[in-house]
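**Student:** Read in order, the letters of the sequence shown correspond to residues 26 to 182 in this note's numbering. Backbone N, C-alpha and C fix where the C-beta goes; we use that ideal spot for every residue, glycine too.
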Amino acid sequence: MLQRVIIAIDFSKPAAEGLAVAREHCPGALMRLVTVVKPSEVAAGASGAFAAGASPLHSKDMRQVAEEKGLERLRAWAIEGEECAVVFGSAPEEIARHAREWGADLIVIGTRGRSQLVSMLSGSATEWLIRHAHVPVMVVHDVELSASMLEKLPPGV
């Protein structure tokens, strides 16, 4: 039986569907919703524009603001008993690392189902995660959700 499940959240429709499927198929497991903030997003700061010439002294504050915003968004999607975490870096690498450190039994990730050509040219976070994660990865693509899964979608999706 699954004890610990990480759900990768980028606040997209596929991520919401992955969360609903995880909630449906992993009853009783401790769920942790994880979002990844890219360093470029931290550098952009609250204004959304890169803070050119920003002092390194402010980088800790900028990272803290990004983490707080990420946690706030995750908590809006979480239900009682689900944990939330924000990590920084490359999405697939940080999700895999976090899963290993947290002792996850499974990673759940939603995918947009890009074409094979697009994936070949630009790479795929999901593909990288499947190849390199130390735990099984459940990939949820755009599928018809059952009525009970629709009830498990986060608000506003």
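Between V67 and chain C, is any beta-carbon pair separated by less than 9 angstroms?
**Tutor:** Absent from the structure is chain C; it holds one protein chain and no more.
**Student:** Can you tell me which residues form a DSSP beta bridge with F36?
**Tutor:** Against the sequence shown, residue 36 aligns to sequence position 11. None, per the DSSP bridge assignment.
**Student:** Looking at V59 and C109, is the spacing between their C-beta atoms short of 9 angstroms?
**Tutor:** Mapped onto the sequence shown, residue 109 falls at position 84. Mapped onto the sequence shown, residue 59 falls at position 34. Yes, they are a contact pair.
**Student:** Using the Cα positions of E118 and L154, report the straight-line distance between them to the nearest angstrom.
**Tutor:** Walking along the sequence shown from the start, residue 118 turns up at place 93. Walking along the sequence shown from the start, residue 154 turns up at place 129. Cα-Cα distance, rounded: 7 angstroms.
**Student:** Have a look at the DSSP bridge pairing and note the partners of G135.
**Tutor:** Position 110 of the sequence shown, counted from the first residue, corresponds to residue 135. Answer by DSSP bridge pairing, in chain order: V165.
**Student:** Skipping 5 residues on each side, what residues in its chain have a beta carbon closer than 7 angstroms to that of A158?
**Tutor:** Position 133 of the sequence shown holds residue 158. Contacts found: A121, A124, I132.
**Student:** Which same chain residues, not among the five before or five after E49, have their C-beta less than 8 angstroms away from its C-beta?
**Tutor:** In the sequence shown, residue 49 corresponds to position 24, counting from 1. Cβ neighbours of E49 beyond the five flanking positions: S171, S173, M174, K177.
**Student:** Only counting the same chain, and skipping five residues up and downstream in sequence, which positions put a Cβ closer than 7 angstroms to that of G95?
**Tutor:** Here residue 95 refers to the residue found at position 70 of the sequence shown. These residues qualify, in order along the chain: T60, V62, V111.
**Student:** What residues are listed by DSSP as bridge partners for T60?
**Tutor:** By one-based count along the sequence shown, residue 60 stands at place 35. According to DSSP, which records beta bridges pairwise, T60 is partnered with V111.
**Student:** Give the single residue among A150, L55, P39, K85 whose Cα lies nearest to the Cα of I31.
**Tutor:** Residue mapping note: residue 31 aligns to position 6 of the sequence shown, counting from 1. Closest by alpha carbon: L55.
**Student:** Using a Cβ-Cβ cutoff of less than 6 angstroms, which residues in the same chain neighbour E92 once the five nearest sequence positions on both sides are dropped?
**Tutor:** The sequence position of residue 92 within the sequence shown is 67, counting from 1. Same-chain partners within the cutoff: V111.
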